[in-house]
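Residue 108 is where the sequence shown starts when you use this note's numbering, and the numbers rise one by one after that. Working notes, beginning with the structure itself.
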Amino acid sequence: MTMLLLAALLWIGVHVGIAGTRLRDAIVARIGETPFRGLFSVLSIATIIFLVRAWSLSPTEPIWFTSDWLRWILVVAMLPAFVLFVASVSQPNPTMVGPPDAAARPPRGMTRVTRHPMLWSFAIWAAVHVIGNGDSASIVFFGAFLITALAGMPSIDAKLARRDPATWQALSAATSIVPFAAIAAGRNRFVPGEIGRLTPAVALVAWIVLLLLHPVLFGTAPAVW
Numbered sequence: 108m109t110m111l112l113l114a115a116l117l118w119i120g121v122h123v124g125i126a127g128t129r130l131r132d133a134i135v136a137r138i139g140e141t142p143f144r145g146l147f148s149v150l151s152i153a154t155i156i157f158l159v160r161a162w163s164l165s166p167t168e169p170i171w172f173t174s175d176w177l178r179w180i181l182v183v184a185m186l187p188a189f190v191l192f193v194a195s196v197s198q199p200n201p202t203m204v205g206p207p208d209a210a211a212r213p214p215r216g217m218t219r220v221t222r223h224p225m226l227w228s229f230a231i232w233a234a235v236h237v238i239g240n241g242d243s244a245s246i247v248f249f250g251a252f253l254i255t256a257l258a259g260m261p262s263i264d265a266k267l268a269r270r271d272p273a274t275w276q277a278l279s280a281a282t283s284i285v286p287f288a289a290i291a292a293g294r295n296r297f298v299p300g301e302i303g304r305l306t307p308a309v310a311l312v313a314w315i316v317l318l319l320l321h322p323v324l325f326g327t328a329p330a331v332w
């Protein structure tokens, strides 16, 4: 468990302590944007391998047991996570690495719902597995991803605000971190047509396939059939 805690802290430290912070700005100023991205990618891969390895070797004990009805709620909760993830990789996203003018473009599609669709997909996935597994090792392992995803949203926002204050002001006025918050506040509107039919269709298929293959891939069934 000590190794798992160390790996989790290292993962959180790399992503919360460097990405999106002034330390990142200082490193980029010294070595450049492209070398930084390459170095950060290597460091991320190394830390996630360490984290997964530590999790697989860590002794664990149950903290709570999840009832069958709650497991089905968690299974259903994963569907919007898939939709958010597919939308984040298939549509322009101002908070992801992309064209320099991406943040200046008017919000469309899932960006109207939240400017951090990918991080929300990871946060939901991690929270579902913390609740569903309920053992000490899983709490540390998936909890590390949950903390990273939730802390990463304001961190990325702060980076955008430092980089281009005028563009950030326009983006933040029309979007929100919390899904549908900007829409509920009247600062934007939901336009399903911009998301399209393919995104939810791909997400639904991926959700069904992973649900069926979960026992084969990971050795456990998400819910009792």
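A virtual CB, placed ideally from N, CA and C, is assigned to each residue, including glycine.
Separation of Ile-315 and His-321 (C-alpha to C-alpha, rounded to the nearest whole angstrom) is 10 Å. Between Leu-112 and Val-247, the C-beta gap is smaller than 8 Å, which places the two residues in contact.
Membership of Val-316 in the alpha helix (DSSP H) is indicated by the continuous run 305 to 325. The residues Ala-281, Thr-282 and Asn-295, in chain order, have a CB closer than 7 Å to that of Pro-214 in the same chain once the five nearest residues on each side in sequence are set aside. Inter-residue distance for Ser-262 and Val-193 is about 22 Å (C-alpha atoms, whole angstroms). In the DSSP assignment, Gly-259 falls within the alpha helix (DSSP H) that extends over 243 to 270. By the neighbour-count definition (other C-beta atoms within 10 Å, threshold 16), Pro-142 is an exposed residue. Under the three-state reduction of DSSP output, Pro-169 falls in the strand class.
Arg-178 sits in a helix when the DSSP states are folded into three classes.
Contact between the segment 174 to 190 and the segment 222 to 237 is present: 3 or more CB-CB pairs across the two stretches fall below 8 Å.
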